[in-house]
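Peer 1: Just dropping this structure here.
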Amino acid sequence: AAGVIQSPRHLIKEKRETATLKCYPIPRHDTVYWYQQGPGQDPQFLISFYEKMQSDKGSIPDRFSAQQFSDYHSELNMSSLELGDSALYFCASSLDLGELFFGEGSRLTVL
Amino acid sequence: GQQVMQIPQYQHVQEGEDFTTYCNSSTTLSNIQWYKQRPGGHPVFLIQLVKSGEVKKQKRLTFQFGEAKKNSSLHITATQTTDVGTYFCAGRYNTDKLIFGTGTRLQVFP
C-alpha cells in the first residue's frame, strides 16, 4: 500500500540559508499536516491543508511557509534558517479527520 | 492555547509489569488518538476514541476516554520488550489540527 513519501530524508544547511521539504500524501487523502519534532520532544503542529487549502496553523514561524499543489503534494519552505530549526520534520496525511499516516520524516541539520 | 499534557514523562518497568500513561487536555476534545513512536521512527497510529467514557481494548492495551472528554489513559498489561517506545496521545479540537501530548517514554527491562 502507498505510504506518505517525504524528501529529502536528510538535509544539511548553513545558517541563513533556505530549505524546501517535499511531501507526497497517500492518494485520495484529503488533509496534509506538517509537524516539527526536536530531539526528545513531542511533534509540534505547524500547519495543515484540507483539499489544497490551508485549514489550520500552529506554531509555524513567519520564516516558514507551506503550500499544497494541484497534484496534492505539499512543500514546506524554510528561509533564514536558524540553529534552532534543526529538527525532524514530519508530513502526515489523513482522510475524513481519521488517523494520521506519517512519513519517515526529513531530518534538517542547520550548521 | 490548547495544550495536552502527559504523565509520566518516563517510565521504566520490568518485563511483565503493567504500565499506564495519562493524558490531560486544558479544554474539551472532540476526539483523541494515541500513537506509538519507536526510537528513530515515526509516530504510528494505535487507536481513536470519540465518545465520552469510551473504553477500547487491543490485546494487552486498554484505552479510556474520560467522561468530560478532557482526559484519556493508555494501560498496557504485562509489558514486553516490544512495547518500548514513546506513547503520545493527540487531541483533536473542533478544527483539523491534532495537538500531540508531551509523550511518555517507556523502557522495558527484560
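Chains P and G, in that order, are what the protein sequence lines are.
Using this note's numbering, read the first sequence as starting at 1 and increasing by one per residue.
Using this note's numbering, read the second sequence as starting at 1 and increasing by one per residue.
The beta carbon of each residue, even a glycine, is placed where N, CA and C say it ideally should be.
Please read these numbers as outputs of a predicted model, since none were measured by experiment.
Enumerate in chain order the residues of its own chain whose CB-to-CB distance from F90(P) is below 7 Å, with the five nearest sequence positions on each side excluded.
Peer 2: Residue numbering aside, residue 90(P) sits at position 90 when the first sequence is read from its first letter. Result list for F90(P): Y35, Q37, P43, F102, G103 and G105, in chain order.
Peer 1: When DSSP labels each residue in this structure, what does L98(G) get in the three-state scheme?
Peer 2: Position 98 of the second sequence, counted from the start, is the residue given in the question as residue 98(G). It is a strand residue.
Peer 1: Strictly by DSSP, which residues pair up with V110(P)?
Peer 2: The residue you call residue 110(P) lines up with position 110 of the first sequence. BP columns for V110(P) point to K13(P).
Peer 1: For T109(P), which residues in the same chain have their Cβ closer than 8 Å to its Cβ, ignoring the five residues on either side in sequence?
Peer 2: Here residue 109(P) refers to the residue found at position 109 of the first sequence. So the list reads H10, L11, I12, K13 and S86, once near-sequence residues are dropped.
Peer 1: Would you please verify whether the beta carbon of A92(P) is less than 9 Å from any beta carbon of chain G?
Peer 2: Taking the first residue of the first sequence as position 1, residue 92(P) is located at position 92. Cβ-Cβ to chain G under 9 Å: yes for A92(P).
Peer 1: Would P43(P) pass as an interface residue toward chain G - the criterion being a Cβ-Cβ separation below 9 Å?
Peer 2: Working through the first sequence from its first residue, we reach residue 43(P) at position 43. Closer than 9 Å: yes.
Peer 1: Expressed to the nearest angstrom, what Euclidean distance is found between the alpha-carbon atoms of L46(P) and C23(G)?
Peer 2: Here residue 46(P) refers to the residue found at position 46 when the first sequence is read from its first residue. Here residue 23(G) refers to the residue found at position 23 when the second sequence is read from its first residue. Taking the straight line from one Cα to the other gives about 21 Å.
Peer 1: Spell out whether any CB of chain P is found under 9 Å from the CB atom of P43(G).
Peer 2: Counted from its first residue, the second sequence places residue 43(G) at position 43. Yes, its Cβ sits closer than 9 Å to a Cβ of chain P.
Peer 1: For L76(P), which option in K15(P), E17(P), G3(P) and K22(P) has the closest C-alpha, if you only look at C-alpha atoms?
Peer 2: Within the first sequence, residue 76(P) is the residue found at index 76, counting from 1. Of K15(P), E17(P), G3(P) and K22(P), the residue nearest in Cα terms is K22(P).
Peer 1: In chain P, which residues lie less than 8 Å from G85(G) when you measure between Cβ atoms?
Peer 2: Counting from 1 along the second sequence, the entry for residue 85(G) is found at position 85. Going along chain P, no residue has its Cβ under 8 Å from G85(G), so there is no contact; the nearest lies around 13 Å.
Peer 1: Just to confirm the assignment: which complete alpha helix (DSSP H) runs, minimum length 4, are found wholly within the segment 56-105 of chain G?
Peer 2: With a minimum length of 4 residues, no continuous alpha helix (DSSP H) run stays inside the segment 56-105 of chain G.
Peer 1: Whole angstroms is fine: what's the gap from S74(P)'s alpha carbon to P25(P)'s?
Peer 2: The residue labelled residue 74(P) in the question sits at position 74 within the first sequence. The residue labelled residue 25(P) in the question sits at position 25 within the first sequence. Approximately 8 Å, taken between the alpha carbons.
Peer 1: Would you tell me roughly how many angstroms separate the C-alpha atoms of S61(P) and E54(G), rounded to the nearest one?
Peer 2: Numbered from 1 along the first sequence, position 61 holds the residue referred to as residue 61(P). Numbered from 1 along the second sequence, position 54 holds the residue referred to as residue 54(G). For the sequence presented, residue 61(P) should be read as Pro rather than Ser. In a straight line, the C-alpha of P61(P) is about 37 Å away from that of E54(G).
Peer 1: Rounding to the nearest angstrom, what Cα-Cα distance links M53(P) and D71(P) in this structure?
Peer 2: Sequence index remark: in the first sequence, residue 53(P) carries index 53 (1-based). Sequence index remark: in the first sequence, residue 71(P) carries index 71 (1-based). Distance between the alpha carbons of M53(P) and D71(P): 13 Å.
Peer 1: Looking only at C-alpha atoms, which of G103(G), V108(G), L29(G) and D18(G) sits nearest to F65(G)?
Peer 2: As a working mapping, residue 65(G) is identified with position 65 in the second sequence. Selected option, being the one with the closest Cα: L29(G).
Peer 1: Where does the unbroken beta strand (DSSP E) through Y35(G) begin, and where does it stop?
Peer 2: By 1-based counting over the second sequence, the position of residue 35(G) is 35. First-last of the beta strand (DSSP E) with Y35(G): N31 to Q37.
Peer 1: T95(G) versus chain P: which residues are under 9 Å apart at the beta carbon?
Peer 2: By 1-based counting over the second sequence, the position of residue 95(G) is 95. The contacting residues are S48, S55 and D56.
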